[in-house]
Amino acid sequence: MTATAPLSLSGPDSTSPATARRRASIHWARLLARIYELRPLTCPRCQGEMRLIAFLTEPSSIRAILARLGEPTTPPLLAPRARDPPELEAEWAGTPEFAFDQSPPWDPTSPAPDPGLPFDQTLN
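Quick look at the structure:
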């Protein structure tokens with residue numbers, strides 16, 4: 598897969614693939630430096646500027662490099678998926694008195710209950 602960079606009208610040299618790659622790697626490095634406060638293209642030994650020369654995408658070449666460096670070539674094992682808690686049958690599960698709707702039956706023809714408090718609607 599080849600990535601293409603947007604063309605710039607700043608000069609004839611700016612449309613070359615090498616210039617576009619260099620500019621993209623600089624923007625990538627600046628973005629990482631801004632977000633994570635680190636300089637990925639600065640050499641940790643001499644503080645000189647490094648440049649990207651390749652992206653490794655072939656599994657065989659990645660395994661060969663890791664083996665040469667003495668690193669593991671297989672990914673670590675994933676932990677098994679955590680199980681759900683056991684489903685327990687509640688003791689009251691079939692009892693009608695513990696039904697979820699605890700409200701008394703509603704009769705639209707019955708009057709509203711009298712709160713027993715005086716209610717005055719006059720304006721003073």
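Under this note's numbering, the residues of the sequence shown are numbered 598 to 721, in order. In this text, a Cβ means the ideal position worked out from N, Cα and C, and glycines have one as well.
- Query: According to DSSP, which residues form a beta bridge with ALA646?
  - Reply: As a first step, residue 646 is located in the sequence shown; it is residue number 49 there, counting from the start. It is worth fixing the name first, because residue 646 is Glu in this sequence and not Ala. Beta-bridge partners assigned by DSSP to GLU646: THR639.
- Own chain partners of LEU663 with C-beta closer than 8 Å, once the 5 adjacent residues on each side are dropped: Here the question's residue 663 lines up with position 66 in the sequence shown. Excluding residues up to 5 positions away in sequence, PRO669, THR670 lie with their Cβ nearer than 8 Å to the Cβ of LEU663 in the same chain.
- Can the beta-carbon of LEU638 be found less than 8 Å from the beta-carbon of ALA626? If you number the sequence shown from 1, residue 638 lands on position 41. If you number the sequence shown from 1, residue 626 lands on position 29. Their beta carbons are under 8 Å apart, which means LEU638 touches ALA626 by this criterion.
- Neighbourhood of ALA615 by C-beta, 6 Å cutoff - its chain only, sequence neighbours within 5 removed: Locating residue 615 in the sequence shown gives position 18, counting from the first residue. Scanning its chain for C-beta atoms nearer than 6 Å, with the 5 sequence neighbours on each side dropped, one finds no residue around ALA615.
- Query: For the putative contact between ILE659 and LEU653, defined by C-beta atoms under 8 Å, what is the C-beta separation to the nearest angstrom?
  - Reply: Looking up residue 659 in the sequence shown gives position 62. Looking up residue 653 in the sequence shown gives position 56. With 8 Å as the limit, ILE659 and LEU653 qualify as a contact, their Cβ atoms being about 5 Å apart.
- Message: Between the alpha carbons of LEU645 and PRO683, how many angstroms are there, rounded?
- Response: What you label residue 645 is simply residue 48 of the sequence shown in a count that begins at 1. What you label residue 683 is simply residue 86 of the sequence shown in a count that begins at 1. Strictly speaking, residue 645 in this sequence is Gly, with Leu absent from that position. CA-CA distance, GLY645 to PRO683, rounds to 59 Å.
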